[in-house]
Amino acid sequence: MNKVTRFFWFCSGANFSLLKRAPTDSNKYFGIGGTIFFTGLLATVSAGYALNTVFQSLWYAVGFGVVWGLMIFNLDRFIVSSMRKRDKSWSEWKMAIPRIIMAVILALVISKPLELKIFEKEINRKLDEKKALMIAQSKESLKNGFTEINELEVQKDSLKADLATATMYRDRLQQEYDYERFGTKTDGTSGIVGLGANAKKKEQQLDAAQASLDVLAKGHQARIDNIDAEIQRFMGLREAEFSKLQPNIDGFDGLAARIDALSVLTGESKAMEMANLMIILLFIAVETAPIFVKLISPRGPYDELLDLAEKGVQVYADEQTVKLVKESEWRLRTFSS
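Adding 207 to a residue's 1-based position in the sequence shown gives its number in the numbering used here.
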């Protein structure tokens with residue numbers, strides 16, 4: 208337990224020898240040191256997650272996360288240890304304002320990656336929606352870039368329309384021929400049953416139309432096959448272009464993209480906005496807690512001993528300065544006489 212206490216004293220930036228002589232302040236600096244330590248620990252986890260998102264490497268994330276956590280720990284320790292309890296509270300608050308601003312900035316930096324982790328599922332869903340939209344936009348852009356496919360489709364439809372017209376003409380002649388054979392009376396048939404002169408004439412027209420349709424179908428089908436081959440070739444080129452864009456779309460889950468997705472989510476949902484705000488305020492409270500503890504707590508024995516130690520150093524320095532000056536003056540008088 209003694210080692211744990213000394214460790215948290217170290218985290219608070221307190222002087223061990225002076226704090227041992229002021230046991231009533233032990234718990235205060237134990238709590239301040241614990242807050243600073245766990246803030247550094249949270250900073251390590253936060254930076255590790257953020258860097259893992261950037262580098263996609265566990266070792267890089269752990270290494271840089273530890274370095275970042277130690278830097279935040281050291282900075283927090285310096286901010287708290289550099290504060291002094293004086294008799295003038297307003298002077299203390301003026302000195303604390305820059306430190307509070309810095310602590311708030313650190314809290315915002317530390318909290319952001321952890322916010323991304325807390326809302327990871329919602330962010331992933333929003334990123335999937337964004338990726339789907341990007342895929343649709345990319346395909347539409349590539350579609351507009353390959354106008355040859357649309358032109359070939361128009362040519363293909365035109366050939367099919369010619370075939371359909373010829374087929375309809377053949378079918379109409381077939382119907383008239385059948386009406387003529389079976390004696391169905393219409394504006395174009397005689398109504399006499401059997402293969403008479405009119406029926407043979409209709410048959411000749413039908414044969415000619417069928418022969419013409421066969422020739423047209425053979426020629427058009429060959430052209431349609433060629434057009435289909437060209438369409439497939441252009442579609443292959445279009446897919447190749449899209450495959451170049453696909454990795455960028457699949458990789459759209461970096462730190463900036465996640466921060467943007469979180470911003471969109473908090474704008475869409477009041478509940479998420481409040482939850483996000485509560486997380487930020489929590490980290491600000493944790494980060495600024497040691498500073499406010501020092502500000503609102505009264506002067507204790509440790510502060511008196513610290514002032515005494517600093518005063519002793521100042522008095523000793525003044526004494527040594529006077530001593531050096533006097534010795535210098537004596538030597539000057541000796542040399543000049």
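Even for Gly, the Cβ is constructed at its ideal location relative to N, Cα and C.
Taking the beta carbon of arginine 379 as the centre, do at least 16 other beta carbons fall within 10 Å, making it buried, or is it exposed? exposed
So isoleucine 498 packs on valine 287, CB below 8 Å; how close in whole Å? 7 Å
Coil, strand or helix - alanine 229 by DSSP: coil
Out of Ile330, Ser535, Thr372, which one is the CA nearest neighbour of aspartate 467? Ile330
Taking C-alpha atoms, which residue in Glu494, Pro508, Leu420, Glu446 lies nearest to serine 224? Pro508
Close-in-space but distant-in-sequence residues of the same chain around methionine 208 (CB under 7 Å, 5 per side omitted): Note that methionine 208 scores 49 on pLDDT, short of 50, meaning its location in the model is unreliable and no value can be drawn from it.
Can we say the stretch 403-419 touches the stretch 434-444, given the rule of at least three CB pairs closer than 8 Å? no
Report the residue ranges of all alpha helix (DSSP H) runs contained in full by the stretch 320-365; include only those spanning at least 4 residues, in chain order. 327-352
Can you list, in chain order, the residues of its chain with a C-beta nearer than 8 Å to that of tyrosine 236? Leave out the 5 residues immediately preceding and following it. Phe215, Trp216, Ser219, Ala221, Leu226, Tyr509
For glycine 461, does the three-state DSSP call read helix, strand or coil? coil
Quick one: grab the DSSP three-state call for glycine 241. helix
Whole-angstrom distance between glutamine 362 and aspartate 435, CA atom to CA atom: 10 Å
In the DSSP assignment, find the alpha helix (DSSP H) that holds methionine 545 and state where it starts and stops. For residue 545 there is no data in the structure shown, the boundaries of the chain being 208 and 544.
Excluding the 5 residues preceding and the 5 following isoleucine 243 in the sequence, name in chain order all residues of the same chain whose CB lies nearer than 7 Å to its CB. Cys218, Ser219, Phe280, Asp283, Arg284, Val287, Pro497
Just checking my contact of alanine 314 with phenylalanine 490 at CB under 8 Å: how many whole Å lie between their CB atoms? 4 Å
For glycine 247, count the other beta carbons within 10 Å of its own beta carbon; 16 or more makes it buried, fewer makes it exposed. Which is it? buried
With a floor of 3 residues, list each beta strand (DSSP E) that falls wholly inside the stretch 274-317, ordered by position along the chain. none
Do valine 274 and glycine 255 have their CB atoms nearer than 8 Å? no
Starting from asparagine 209, trace the alpha helix (DSSP H) both ways and give me its first and last residue. 209-219
For arginine 306, which residues of its own chain have a beta-carbon under 6 Å away from its beta-carbon, when the five flanking residues on both sides are left out? Ile286, Ile498
Would you identify the three-state DSSP class for glutamine 263, choosing helix, strand or coil? coil
Secondary structure at glycine 519, three-state DSSP: helix, strand or coil? helix
Whose CA, out of Lys346, Leu334, Arg228, Gly241, lies closest to the CA of glutamate 448? Lys346
Starting from the C-beta of glycine 276, find all residues in its chain whose C-beta is less than 6 Å away, skip the five residues before and the five after it, and write them out in chain order. Gly247, Ala250, Thr251
Suppose you measure from the CA of glutamate 534 to the CA of valine 520; what does that come to, to the nearest Å? 21 Å
Helix, strand or coil at arginine 506 according to DSSP, with G and I counted as helix: coil
Straight-line Cα distance separating lysine 210 from glycine 241: 13 Å
Run through DSSP, which three-state label would asparagine 455 get? helix
8 Å contact criterion, which leucine 462 and alanine 257 should meet: CB distance rounded: 6 Å
Does proline 505 pass the burial test, meaning 16 or more other C-beta atoms within 10 Å, or should it be called exposed? exposed
As assigned by DSSP and simplified to three states, the class of asparagine 222: coil
Here's the rule: buried if 16 or more other CB atoms are within 10 angstroms of the residue's CB, otherwise exposed. What is arginine 465? buried
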